[in-house]
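Trainee: Sharing a structure, written as structure tokens. Questions coming.
Residue numbers (the numbering used here), protein chains in the order written: chain A, 1 to 344; chain S, 1001 to 1344; chain H, 2001 to 2344.
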């Protein structure tokens, strides 16, 4: 029943996962390889591992979430952890308890790994200074959503296993699978980049994988991205544009982002209808992309706004795979951080 | 500790439980017989079965609930399932995520059985088309609450084991217990039938069991029921009336329904006080029923409105048994649907 | 893995823990000794006991809470119980279901131990009459918070193990550890005593332990306490004063209480700033206390109001120990009440 002893984890030097920007490419490869092994080990849903046996994982979410919370909960339970879930509603958080005070309390009750989501960008960065365990950022404000970026990369690796230009088997020798990358691949990220922690984290991992990344949205929602592109993007392949057809042209993958209706109020967007007409990813618009273009969305979707229903459910859609792969990726993150130990 | 191997489940042809209207009488008998076996197998509360070992059951409730959610949670855990609970508050549902999107997400995280409650009548019927697992309706709008009707039937079977006219032991030969029915029994359902999913589901099962069912409430809250009675109720024994004394006269059981204060606003009810005076089930009013009349309520109760406290706690009250039996019935439902398999 | 058989529990005569006022000093000693054993038995976080195997513990909270709910949840799980959590939000409680109805429902679903928090003082006292299991008060209105008082006493016993005047080892013979008390110790409780269930419960246990207790706050927040002190406090060592320097002078421990901003509206407090200036526990103000004065807070804290951040995190702070010790104390409470049995 327990397969924990069969999982030998590689060395890992990070105690926390606050964002993906500090992960090197070899570390990203390691993480995905570990996720592969967990996916295999738990292919039978009845399997429970004991990798985190006796480890108290607390999921502390200050923002609404279904998929991320459930995904972490399942991942931690599959690893044999004891999981406690604390959400802002129904907790002392509504009494105005400070994040610091809450974290100290959770540590004193035995929490060793803390998965947290917070509306304030940067909030998880405050925690390691006062918490002896491991911190995993489950999304902070507009800033970062590292496990989303990791599962997106992992999903693209599964969907695009062969390097560009390779013919299956022709050039691959032993160990060639380690050479996976997105070099020569074009990935367009379309939508409200300004407010998107998903986009910010994905920029790091996708460009680290060698992809040619295009960020696309109304210019009001591209602030900062255009500037970064103009400075050369640290040598990465990165373009920011409001021209959706240019962004999608010959793309291997299109990542759509959620448009939040609340943004209308701020005058950043004209109307959902106009947004959908101009930037919504429809089958027609995708004709400019590669024939077998892949489509991604971090969810929850506004179908008919940023993505057409027939695209979301179409043959190139990876949306279900993204959610599914989130569990193996989060298992890998939890297991590696635990192996790195609570104290550096 | 595990008694799972001892439970051989009968064949079951339904993948979902959306309402009770598609269950034949033999199927209702089967379901209750399986519930009997689970009730016996878990008489020791420390017993855990492994019937649903490795099965991920998600309880997705878009409406407030204590008893139904807790009952499903306990039932699934007793069967050895992995249970995740998602409620509208604190989940992405507050971001306006669509039901369809949420269900797809849950399926991708590994959900194989989905118990759902939704304020919109018919919502669970949308799910099987996009979900590969089993769907159990935990209550949808005014429409249906199938497990409530099943546990009510099961509770009446326990309280009224002997057929009408039988003397205990006199006519019963081997296998006679299979002949249980409510033939010759009168059951009155009193209250706000119009808005009651409990009443709608109970109509099917009680009349399928052969009972003579009387629906009773102010005529504003009987719309549809009177029309159905007038057309002959498909050959079932069914009467709709606003005359509470006629409904209760010689009844074997009276099922009271919750009056929701919100209905006052719509002008459908005069006042709680007037409703209580006219339709509230008091000990006095019950004098017209059989001497040992049984009283039921699906909860939560407004004591002093639709039911008097001394009736709710009186000798004929089955209210506690209803809640208690809900666990065995829900275990039976979960186990049978799982045995029917996720794909037809 | 299971160490349950190693824990022999002493006889316990109480079926419920509604407040600490009915516990004798020997009972308090017993409870702390049992907590010691659970703390030792679960020093390895992977250890699970089976003391409450098959016991359904329901945590029913009608008020926001993080630490108390999580602490009870962890304590019950460490004892091997099946734990269900019901909070007011997302439950039928929002439909106006009565406490009595809810408790009856939970009992019928198999709940054997009920941990409850309620905004109404005295609410848990209504439950034993209609519930066959054990009731633990997790905080009721302004009235009582017995497990908080128990963990506070336990934390002081850990921090001040030697009786006053003893030199370590000099006078202690065999069994001397049983003679622990707070005789000769001064404990100041500073803050909003009027609204504090924590203070009310602590008064009993601290004075039962022999401490000289000083309650201190603005006179508007001392109502009742001054009167009790004036009548001689039932022979206990108790003083009520608005003079914070007198209260703190030579204190061995200072327990600070949360100031709730909501109280401002009622005119009971001038302003948070003025409160902080007059009664806030700062390092400067603590100079009047014993040099190694201990500082406690039940949380959640308003740092900078009732307690200065450097005091909360200072060398004498027991705040983290309080939270940590809450688990062993709650394990002891749950185990002892269960051993006392559901029926007297």
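Yeah, the Cβ is synthetic: ideal placement off N, Cα and C, and Gly gets one too.
Predicted model only: the values in this text are computed from it and were never measured.
Counting only the same chain and skipping the five closest in sequence on each side, list residues whose C-beta sits under 6 Å from that of residue 2295(H).
Mentor: In the third chain, the residue the question calls residue 2295(H) occupies position 295. Answer for residue 2295(H): 2254, 2311, 2316 and 2317, listed in chain order.
Trainee: Report the residues of the stretch 1054-1073 of chain S with a CB closer than 7 Å to any CB of chain H, ordered along the chain.
Mentor: So the close ones are 1064, 1065, 1066, 1067, 1070, 1071 and 1073.
Trainee: Between the beta-carbon of residue 138(A) and the beta-carbon of residue 121(A), is there less than 8 Å?
Mentor: The count along the first chain starts at 1 and reaches residue 138(A) at position 138. The count along the first chain starts at 1 and reaches residue 121(A) at position 121. Cβ atoms of residue 138(A) and residue 121(A): not closer than 8 Å.
Trainee: So what does DSSP say about residue 979(S), is it helix, strand or coil?
Mentor: Since the first residue of chain S shown is 1001 and the last is 1344, residue 979(S) is not available in this structure.
Trainee: Figure out for me which residue from 1021(S), 1190(S), 1224(S) and 1331(S) has the closest Cα to the Cα of residue 1285(S).
Mentor: Numbered from 1 along the second chain, position 285 holds the residue referred to as residue 1285(S). Residue 1285(S) has its Cα closest to that of 1190(S), out of 1021(S), 1190(S), 1224(S) and 1331(S).
Trainee: CB-CB under 6 Å to residue 2288(H), same chain, minus the five flanking residues each way: which ones, in chain order?
Mentor: Counting from one through the third chain, the residue named residue 2288(H) turns up at place 288. Closer than 6 Å at the Cβ level, and outside the excluded window around residue 2288(H), lie 2245, 2248 and 2249.
Trainee: Can you check whether the C-beta of residue 2253(H) is within less than 8 Å of a C-beta belonging to chain S?
Mentor: Within the third chain, residue 2253(H) is the residue found at index 253, counting from 1. Chain S, which has no Cβ nearer than 8 Å to the Cβ of residue 2253(H), makes this no.
Trainee: Mind the definition here: the stretch 27-34 of chain A touches the stretch 53-73 of chain A only if three or more C-beta pairs lie below 8 Å; say whether that holds.
Mentor: Counting Cβ pairs under 8 Å, fewer than three are found: no touch.
Trainee: For residue 1119(S), which of 1143(S), 1131(S) and 1100(S) has the nearest alpha-carbon?
Mentor: Stepping through the second chain from its first residue, residue 1119(S) is reached at position 119. When only C-alpha atoms are compared, the closest one is 1143(S).
Trainee: Grab the span of the alpha helix (DSSP H) containing residue 2032(H) for me, first residue to last.
Mentor: Position 32 of the third chain, counted from the first residue, corresponds to residue 2032(H). 2025-2041 is the span of the alpha helix (DSSP H), which, as asked, contains residue 2032(H).
Trainee: Thinking just about the alpha-carbon of each residue, which of 1103(S), 1022(S), 1010(S) and 1148(S) is nearest to the one in residue 1299(S)?
Mentor: In the second chain, residue 1299(S) corresponds to position 299, counting from 1. Among 1103(S), 1022(S), 1010(S) and 1148(S), the Cα nearest to that of residue 1299(S) belongs to 1148(S).
Trainee: How many Å lie between residue 2160(H) and residue 2324(H) at the Cα?
Mentor: Translated into positions along the third chain, residue 2160(H) becomes position 160. Translated into positions along the third chain, residue 2324(H) becomes position 324. The straight-line gap from Cα to Cα measures roughly 17 Å.
Trainee: Among residues of its own chain, excluding the 5 on either side of residue 155(A), which ones have a beta-carbon nearer than 6 Å to its beta-carbon?
Mentor: Within the first chain, residue 155(A) is the residue found at index 155, counting from 1. Taken in chain order, the residues that qualify are 318, 321, 322 and 325.
Trainee: Can you tell me whether residue 2020(H) is buried or exposed, with buried defined as 16 or more other CB within 10 angstroms of its CB?
Mentor: Taking the third chain and counting its residues from 1, one reaches residue 2020(H) at position 20. That one is buried.
Trainee: Please check the pair residue 2268(H) and residue 2220(H), which I expect to be a contact at CB under 8 Å, by giving their CB distance rounded to whole angstroms.
Mentor: Within the third chain, numbered from 1, the residue matching residue 2268(H) stands at position 268. Within the third chain, numbered from 1, the residue matching residue 2220(H) stands at position 220. Rounded, the Cβ-Cβ distance is 5 Å, consistent with contact.
Trainee: With a CB to CB cut of under 6 Å and the five nearest residues on each side skipped, what residues in its chain are close to residue 328(A)?
Mentor: Counted from its first residue, the first chain places residue 328(A) at position 328. Answer for residue 328(A): 35, 38 and 39, listed in chain order.
Trainee: Can you check DSSP and say which residues form a bridge with residue 1014(S)?
Mentor: The sequence position of residue 1014(S) within the second chain is 14, counting from 1. Looking at the DSSP assignment, residue 1014(S) forms no beta bridge with any residue, so it has no partner.
Trainee: Touching or not, the stretch 2208-2220 of chain H and the stretch 2179-2194 of chain H, by the rule of three or more beta carbon pairs under 8 Å?
Mentor: A contact exists between the stretch 2208-2220 of chain H and the stretch 2179-2194 of chain H.
Trainee: What is the C-beta distance between residue 183(A) and residue 164(A), in whole angstroms, given that I count them as a contact (C-beta under 8 Å)?
Mentor: Sequence index remark: in the first chain, residue 183(A) carries index 183 (1-based). Sequence index remark: in the first chain, residue 164(A) carries index 164 (1-based). About 6 Å; that satisfies the 8 Å criterion.
Trainee: Among 2067(H), 2222(H) and 2153(H), whose alpha-carbon lies nearest the alpha-carbon of residue 98(A)?
Mentor: Within the first chain, the letter at position 98 stands for residue 98(A). For the residues 2067(H), 2222(H) and 2153(H), the minimum Cα distance to residue 98(A) belongs to 2067(H).
Trainee: Is there a C-beta anywhere in chain S that falls below 8 Å from the one on residue 2104(H)?
Mentor: To locate residue 2104(H), count along the third chain from 1; it is residue 104. Answer yes: the Cβ-Cβ gap between residue 2104(H) and chain S drops below 8 Å somewhere.
Trainee: Would you give the residue range spanned by the beta strand (DSSP E) that residue 2059(H) belongs to?
Mentor: Start at 1 with the first residue of the third chain, and residue 2059(H) comes out as number 59. Residues 2056-2061.
Trainee: Unbroken beta strand (DSSP E) runs of length 3 or more, entirely within the stretch 218-305 of chain A: which are they?
Mentor: Entirely contained in the stretch 218-305 of chain A, the beta strand (DSSP E) runs reaching 3 residues are, in chain order, 238-241, 253-256 and 294-296.
Trainee: What residue does the alpha helix (DSSP H) around residue 1321(S) start on, and which one ends it?
Mentor: For this step, residue 1321(S) is matched to residue 321 along the second chain. Start and end: 1319-1340.
Trainee: Going by other Cβ atoms of all chains shown within 10 Å of its Cβ, with 16 needed for buried, is residue 117(A) buried or exposed?
Mentor: Mapped onto the first chain, residue 117(A) falls at position 117. Label assigned to residue 117(A): buried.
Trainee: Which value, in whole angstroms, describes the spacing of the CA atoms of residue 1334(S) and residue 1130(S)?
Mentor: Numbered from 1 along the second chain, position 334 holds the residue referred to as residue 1334(S). Numbered from 1 along the second chain, position 130 holds the residue referred to as residue 1130(S). Spanning the two alpha carbons is a distance of roughly 20 Å.
Trainee: Please classify residue 1960(H) as buried or exposed, where buried requires at least 16 neighbouring CB atoms within 10 angstroms.
Mentor: Past the boundaries of the shown model lies residue 1960(H); chain H is included only from 2001 to 2344, so the question cannot be answered.
Trainee: Shorter than 8 Å from the beta carbon of residue 1327(S) to some beta carbon of chain H?
Mentor: As a first step, residue 1327(S) must be located in the second chain, where it is residue number 327. Yes, residue 1327(S) counts as interfacial toward chain H.
Trainee: For the alpha helix (DSSP H) that contains residue 1078(S), what are its first and last residues?
Mentor: Along the second chain, read from residue 1 onward, the residue named residue 1078(S) stands at position 78. 1067-1078 is the extent of the alpha helix (DSSP H) around residue 1078(S).
Trainee: Residue 1046(S) versus chain H: which residues are under 7 Å apart at the beta carbon?
Mentor: Numbered from its first residue, the second chain carries residue 1046(S) at position 46. Under the 7 Å cutoff, chain H gives 2053 and 2054.
Trainee: Please classify residue 180(A): does DSSP put it in a helix, a strand, or coil?
Mentor: Reading the first chain from its first residue, position 180 is the one you call residue 180(A). Here residue 180(A) sits in coil by DSSP.
Trainee: For a test of your reading of the model: does the CB of residue 2062(H) fall under 7 Å from any non-hydrogen atom of the ligand ADP? Yes or no.
Mentor: The ligand ADP is absent from the structure shown, which contains no ligand whatsoever.
Trainee: According to DSSP, is residue 1188(S) helix, strand or coil?
Mentor: For the purposes of this step, residue 1188(S) is taken as residue 188 along the second chain, with counting starting at 1. Note: residue 1188(S) maps to strand in three-state DSSP.
Trainee: Within 10 Å of its beta-carbon, does residue 47(A) have 16 or more other beta-carbons around it, so buried, or fewer, so exposed?
Mentor: The count along the first chain starts at 1 and reaches residue 47(A) at position 47. That one is exposed.
Trainee: Answer with buried or exposed for residue 2005(H), where buried requires no fewer than 16 other C-beta atoms within 10 angstroms of its C-beta.
Mentor: Reading the third chain from its first residue, position 5 is the one you call residue 2005(H). Unreliable placement is indicated for residue 2005(H), whose pLDDT of 46 sits below 50; the coordinate value is still reported in the next sentence. With fewer than 16 Cβ atoms within 10 Å of its Cβ, residue 2005(H) is classed as exposed.
Trainee: Quick check on the burial criterion: 16 or more other C-beta atoms within 10 angstroms. Buried or exposed for residue 1192(S)?
Mentor: Counted from its first residue, the second chain places residue 1192(S) at position 192. Under this definition residue 1192(S) is a buried residue.
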